[in-house]
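Colleague: Residue numbers (the working numbering): -17 to 301. Where is the CB? At the ideal position from N, CA and C, for every residue including glycine. The structure follows.
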Ligand code: F6P
């Protein structure tokens, strides 16, 4: 292994930059040439890459987003684009590829690596925490704290004006952010894609809370479980109580990575390079039960189990 390349793909996540820094600097310390590929799979397809040195990653440790840029590339499912990407790999004598991204990125890396016999190692980075077999993705801790700060702010106005709020957080297929924020924010209810909603019970609880003199009520909804506006309207329709809807959206994707997201990213960058040096391929490195370990791509891309009932019951019990 002499030359490796690194790319970020899918939705950006706070902590991608520290991960890039770690791959580049640790790789160089192991006498590897490290290439940075721009714009995810697009950069591999269009041969948009350059060799990075120690200084190429200076000053990025505290920055959100990714200096390599990222994006979605549905075209990469087509053989024609994969062939072009493989040409870039051959032409630039790339012996190993570090793919920093989430579930969709690993699905593509799994297929590409297997089909073209390219050594791919993944670093899980996505605010959704949707990688099976690992505890936490890079960026999820930052996103949860960003969303939590917003929930705390909303609680102030909700309590002062005695209102019901529905707050929509990100998570198309995974309710992890919603559950985590609802628990940490002391929210009264949560809706996630993994659990069927019980509207009647939810509205009954709100009315009972109102009778008990509860000053505010916050329902957190993962985007994959419905729209905050529709849910707020539904609650008003059922209960005749005034509601407000807030969509947090992409604010959750940006910002300075927390210490946890940075440390995780820096440790996983090192682990990914070590895995490549050991001849490992078709795997992701990640925190598994608190330890840095390897998880094969086939396992990592399966639907993640998040123990939704446990979280939900705890949120409701502590309300
Ligand atoms: O990266 C994950 C994520 O933030 C999801 O939570 C969200 O559903 C999606 O990306 C939004 O994607 P885009 O920024 O492409 O609209």
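Would DSSP call residue 170 helix, strand or coil?
Modeller: Within the chain shown, residue 170 is the residue found at index 188, counting from 1. In this structure, residue 170 counts as coil in the three-state DSSP scheme.
Colleague: Looking at residue 84 and the ligand F6P, is the gap between the Cβ and the nearest heavy atom below 8 Å?
Modeller: Counting from one through the chain shown, the residue named residue 84 turns up at place 102. Yes, since a heavy atom of the ligand F6P falls inside the 8 Å radius drawn around the Cβ of residue 84.
Colleague: Quick one, which of 162, 12, 62, 91 has its alpha-carbon nearest residue 253's?
Modeller: Against the chain shown, residue 253 aligns to sequence position 271. The residue with the shortest Cα to Cα distance from residue 253 is 12.
Colleague: Taking 8 Å as the cut-off, is the CB of residue 108 close to at least one heavy atom of the ligand F6P?
Modeller: Position 126 of the chain shown, counted from the start, is the residue given in the question as residue 108. True, at least one ligand heavy atom lies under 8 Å from that Cβ.
Colleague: Using the rule of at least 16 other Cβ atoms within 10 Å of the residue's Cβ for burial, across every protein chain shown, is residue 248 buried or exposed?
Modeller: For the purposes of this step, residue 248 is taken as residue 266 along the chain shown, with counting starting at 1. Buried is the call here.
Colleague: What residue ranges within the segment 171 to 240 form continuous beta strand (DSSP E) runs of no fewer than 3 residues, ordered along the chain?
Modeller: 171 to 173, 199 to 204, 225 to 229
Colleague: Is residue 41 buried or exposed, if buried means 16 or more other CB atoms sit within 10 Å of its CB?
Modeller: On the chain shown, residue 41 is found 59 positions in, with the first residue counted as 1. Label assigned to residue 41: exposed.
Colleague: Which value, in whole angstroms, describes the spacing of the CA atoms of residue 104 and residue 92?
Modeller: Translated into positions along the chain shown, residue 104 becomes position 122. Translated into positions along the chain shown, residue 92 becomes position 110. The alpha-carbon atoms of residue 104 and residue 92 are separated by roughly 9 Å.
Colleague: In angstroms with no decimal places, state the Cα-to-Cα distance between residue 194 and residue 273.
Modeller: The residue labelled residue 194 in the question sits at position 212 within the chain shown. The residue labelled residue 273 in the question sits at position 291 within the chain shown. Roughly 46 Å separates the two Cα atoms.
Colleague: Taking the continuous alpha helix (DSSP H) assigned at residue 57, which residues delimit it?
Modeller: Working through the chain shown from its first residue, we reach residue 57 at position 75. That residue, residue 57, is in no alpha helix (DSSP H); it is neither H nor E in DSSP.
Colleague: Does the beta-carbon of residue 33, which I'm using as the reference point, lie nearer than 8 Å to any heavy atom of the ligand F6P?
Modeller: Residue numbering aside, residue 33 sits at position 51 when the chain shown is read from its first letter. Checking the Cβ of residue 33 against the ligand F6P gives no.
Colleague: Within the 9 Å Cβ cut-off, does residue 276 reach chain D?
Modeller: No chain D is part of this structure, which consists of one protein chain only.
Colleague: Which residue from 278, 266, -14 puts its Cα closest to that of residue 15?
Modeller: As a first step, residue 15 must be located in the chain shown, where it is residue number 33. Of the candidates 278, 266, -14, the one whose C-alpha sits nearest the C-alpha of residue 15 is -14.
Colleague: Less than 8 Å between the CB atoms is what I'm expecting for residue 165 and residue 296, so what's the real figure, rounded?
Modeller: Counting from one through the chain shown, the residue named residue 165 turns up at place 183. Counting from one through the chain shown, the residue named residue 296 turns up at place 314. Right, their Cβ atoms sit about 6 Å apart.
Colleague: What are the residues that DSSP puts in a beta bridge with residue 33?
Modeller: Position 51 of the chain shown, counting from 1, holds the residue named residue 33. DSSP output for residue 33 lists 17 as bridge partner(s).
Colleague: Can you grab the Cα-Cα spacing for the pair residue -9 / residue 222, in whole Å?
Modeller: As a position in the chain shown, residue -9 is number 9, starting the count at 1. As a position in the chain shown, residue 222 is number 240, starting the count at 1. Distance between the alpha carbons of residue -9 and residue 222: 45 Å.
Colleague: Thinking just about the alpha-carbon of each residue, which of 127, 230, 181, 220 is nearest to the one in residue 205?
Modeller: On the chain shown, position 223 is the one that residue 205 refers to. Answer by Cα proximity: 230.
Colleague: Hey, out of 243, 58, 264, whose CA is closest to residue 280's CA?
Modeller: What you label residue 280 is simply residue 298 of the chain shown in a count that begins at 1. Looking at the Cα atoms, 264 is the closest of the given residues.
Colleague: For residue 147, which residues does DSSP report across the bridge?
Modeller: On the chain shown, residue 147 is found 165 positions in, with the first residue counted as 1. The secondary-structure analysis by DSSP pairs residue 147 across a beta bridge with 200, 226.
Colleague: I'd like the span of the alpha helix (DSSP H) that includes residue 297, first residue to last.
Modeller: Numbered from 1 along the chain shown, position 315 holds the residue referred to as residue 297. Residues 290 to 300.
Colleague: Going by DSSP, what residues sit across from residue -11 in a beta bridge?
Modeller: Taking the first residue of the chain shown as 1, we reach residue -11 at position 7. Answer is 81, bridged to residue -11.
Colleague: What is the residue span of the beta strand (DSSP E) that residue 11 lies within?
Modeller: Against the chain shown, residue 11 aligns to sequence position 29. Run containing residue 11: none in the beta strand (DSSP E); it sits in the alpha helix (DSSP H), -2 to 11.
Colleague: In the DSSP assignment, what residue or residues form a beta bridge with residue 269?
Modeller: Here residue 269 refers to the residue found at position 287 when the chain shown is read from its first residue. Paired residues: 274.
Colleague: Go ahead and label residue 302 buried or exposed: buried means 16 or more other beta carbons lie within 10 angstroms of its beta carbon, across all protein chains shown.
Modeller: Residue coverage of the chain in this structure runs from -17 to 301, which leaves residue 302 outside it and unanswerable.
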